[in-house]
Amino acid sequence: MRRPTLVAPPLVRDHVAGGDRSTRALIDLDAFEGNVRLIRDLVRPGTDVMAVVKANAYGHGAVPISRAALRAGANSLAVATVDEAAVLRDAGIADPIALLGAIDLSEATRALRLGLEVTVGSVELLDALAAAARVVPLPKPAAVHLKVDTGMRRYGVLPEEAVALARRIDRDPLLDLAGVCTHFSSADDIEERPAIEQAVRFDRCLATLREAGIAPFRAHVANSAAALRSRRFDYDLVRPGIALYGLPPSRDIPLPLGIRPVMSIRSRVARVVPLAAGDTVGYGRTYAAERQEHAVLVPIGYGDGYRRGLSGLGWVGIAGRRAPVRGRISMDQTVVSVPDGVAARVGDDVVVLDGDPQWGAPDATTLADLLGTIPYEVVTGIAARVPRHYLRGGALDAVVVPGAGKVGRSHDPDPL
Ligand SMILES: *Cc1c(COP(=O)(O)O)cnc(C)c1O
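Heads up: the sequence shown begins at 112 in my numbering, then just goes up one per residue.
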């Protein structure tokens, strides 16, 4: 396994490209592609993989991650909003893209223009879609997925409404019933029974659709947790998200061997902050040093998604050791205390988040536990202003600042 090495950058670089802030997210594309292949090999042969890349690919960067997913064998992509899909189409991605949830009725036309597979979970959206299909020139009938609510009580029609809606889609010459799907409320729970009960309800619904003579479609239910726990939930395609990013859906669902975390957050020491006994640190003076401390400033804060809730709780890794956060996390800056015996200086590497404990930093699940949330929210919350550095073969492949459009390296105008 190749890990990105922490090498000191040369002091003078060609800064045409930008994205050279010390605080950055390293995104290991080899790890991501390995995870896609691992999930593809895990499911039953013939089961398609729809890679879920919503919310800017869980903070990892939608375009490079989508390309990597397709390269590694994903059959299609899934996003949450029409705007997210438009970003992928603008980047030239022509592969199938499904919208997982509700869209505004007014967006039906744009969704069809972009060639998206809309998931219908209400009669109203089906009405809007059928009307839009009569306005937008379509090269072929628009692919539609019918979402059935088998217990989540979120998006989807009830099983008893499914036949009527499926029939309408099936009979509309401008629409194509590509899929029928449902979503589990607690596939990541240690207790498997609720997921099994939902799957049984879904099976009954599928049987009714078949009895009603609805044309063949693809059935799908599995998020990462379901795909990791049992082949019972494969159906015709799986929709993994979090596992592709190398993160476990919950503490109860261990990741299979070989799945690797994709994101690491790095920074560099910006200033040495001498602390004498009695000195307080930061806003509100919430921390007072009891003795002399070697503290340093890290240019990361809640404006980067390094959440303020980690004040006094979190730590970063410096020289492989834990350096605890002192005082409050500001919008752009955080002070940490360097352990005795480590002589941290300006420019030294700081590891803020990493899946490998050797760096002394917490992983996404640990940060999530500290914050009372889940790793999904930790990585999705990494702000747009944090440059994403894409690694391939352990080397820098491209830099993207989501908040500033794509930033290519000066020697390579279109690296991805
Ligand atoms: C987000 C989402 C997924 C992926 O879930 P993970 O837990 O990240 O694997 C699958 N299906 C639907 C409908 C979703 O909204």
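We put the beta carbon where it would ideally sit given N, CA and C, even for glycine.
About 6 Å separates the CB atoms of V198 and A173; that is less than 8 Å, so the two are in contact. Within the same chain, V160, A162, A179, A180, A183, G184, A185, L355 come within 8 Å of V147 by CB-CB distance, once the 5 residues on both sides are set aside.
Residue pairing by DSSP places S378 opposite V461 in a beta bridge.
With a cutoff of 9 Å on beta-carbon distance, I429 and V453 are scored as near each other. Of the other Cβ atoms in all chains shown, fewer than 16 fall within 10 Å of the Cβ of G203; this residue is therefore exposed.
9 Å or more divides the Cβ of A239 from the Cβ of A209. Under the 8 Å Cβ criterion, the stretch 452-466 counts as touching the stretch 404-412, having at least three qualifying pairs. With a cutoff of 8 Å, Y346 does not count as near ligand 1, since its C-beta is closer than that to no heavy atom of the ligand. For D141, the closest alpha carbon among the candidates R496, V510, R503 is that of R503. The beta carbon of A326 sits closer than 6 Å to those of D281, all from its chain and outside the five residues before and after it, given in chain order. Under a 10 Å Cβ-count criterion, G352 is classified as buried, with 16 or more other Cβ atoms of the shown protein chains found around its own Cβ.
With contacts defined by Cβ atoms closer than 9 Å, I214 and V247 do not form a contacting pair. Looking from the CA of W470, the closest CA among S422, G130, R496, S375 belongs to S375. In the three-state DSSP reduction, P435 falls in the strand class (E or B). Placement of the Cβ of K165 at a distance of less than 8 Å from at least one heavy atom of ligand 1 is found. Between L269 and V234 a beta carbon distance of about 11 Å is seen, past the 8 Å cut, so the two are scored as non-contacting. For H405, the CB stays at least 8 Å from every heavy atom of ligand 1. Taking C-beta atoms under 8 Å as the contact rule, S187 and A381 fail to qualify, at a distance of about 43 Å.
One Cα belongs to V154, the other to A191, and the distance between them is close to 24 Å. Apart from the 5 residues on each side of it in sequence, G438 sits with its Cβ closer than 8 Å to the Cβ of T391, V392, G393, Y394, G395, R396, T397, Y398, S422, G423, V446 in its chain, given in chain order. Pairing S378 with R135 gives a Cβ-Cβ distance under 9 Å.
The alpha-carbon of I307 is positioned some 12 Å away from that of H294. Under the three-state reduction of DSSP, I440 is assigned to coil, being neither helix nor strand. When secondary structure is reduced to three states using DSSP, K258 falls in the strand class.
Taking C-beta atoms as the reference points, A244 and E228 fail to come closer than 9 Å. DSSP places L225 in the coil class of the three-state scheme, outside both helix and strand.
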